[in-house]
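These notes are about the structure you will find just below.
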Amino acid sequence: MRYKKFTGIVLKKQNYREADQIVTIWTEELGKLRCLARGIRKPSSKLVYNLQNFSLVSFEVSGRHLPVLTSCQTLQNFRLLYHDLGKIAAGCYAAELMLKLTADEHPNPKAYELLHKFFEHSDKDRLSIFCSELLEALGFSSKTSSAKLDFQELNQLIEEILERKLKSSAFLRQIA
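Counting in our numbering, the sequence shown runs from 836 upward without gaps.
What follows is the structure, given as structure tokens:
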């Protein structure tokens, strides 16, 4: 079995079976990667503290189809995000965009850089800038067309692209 080491930002965790979770991590090398964290829901798990949402982690995986997470270390925990509910809502919105607008294992270094910068600054006011730059990086719009739009128009454009409503946009509206 080959072990591969990556660095990425944890976007989502979902329960799987009795004690496992499927963790979605955005990496610069592979793009969106889903991996299985075995036994993470057990009280004795060593991985649980290092796999917090919206944190930059260095991790190792083994396997092909659903890689198994073997080790993980937190490199940067974006703590500014957790002190303000508006910043948490903006972080959820950014994570949902990355989850919905991108396919698994399609790398996009520009999108990774945008996400990392957004979580470092974690400012709700920068959300519209992040959205327009992300749409441009993913090829959904040009720089001139998306830069002129306000956040509500960008949200409508994104929902038209996805052909469904974003769950976190309702949370973001309630907080604002």
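We put the beta carbon where it would ideally sit given N, CA and C, even for glycine.
Please say whether F954 and I844 have beta carbons closer to each other than 8 Å?
yes
Using a 10 Å radius around the Cβ and a threshold of 16 neighbouring Cβ atoms, would you call Q856 buried or exposed?
buried
For F913, tell me which candidate among L886, F894, K867 and E853 has the shortest Cα-Cα distance.
L886
If you reduce the DSSP assignment to three classes, tell me which class N990 lands in.
helix
Using the rule of at least 16 other Cβ atoms within 10 Å of the residue's Cβ for burial, across every protein chain shown, is A1005 buried or exposed?
exposed
By Cβ distance, which residues of its chain are closer than 8 Å to L973, with the 5 residues on each side in sequence left out?
L936, T937, N943 and A946
Cα separation between L894 and L871?
Checking the sequence shown, residue 894 turns out to be Phe, not Leu. Spanning the two alpha carbons is a distance of roughly 12 Å.
Would you identify the three-state DSSP class for D939, choosing helix, strand or coil?
strand
Which one or two residues does DSSP pair with D960 in a beta bridge?
BP columns for D960 are empty, so no partner.
Tell me the DSSP bridge mates of I857?
Q849 and L871
With DSSP as the reference, label Q908 as helix, strand or coil.
strand
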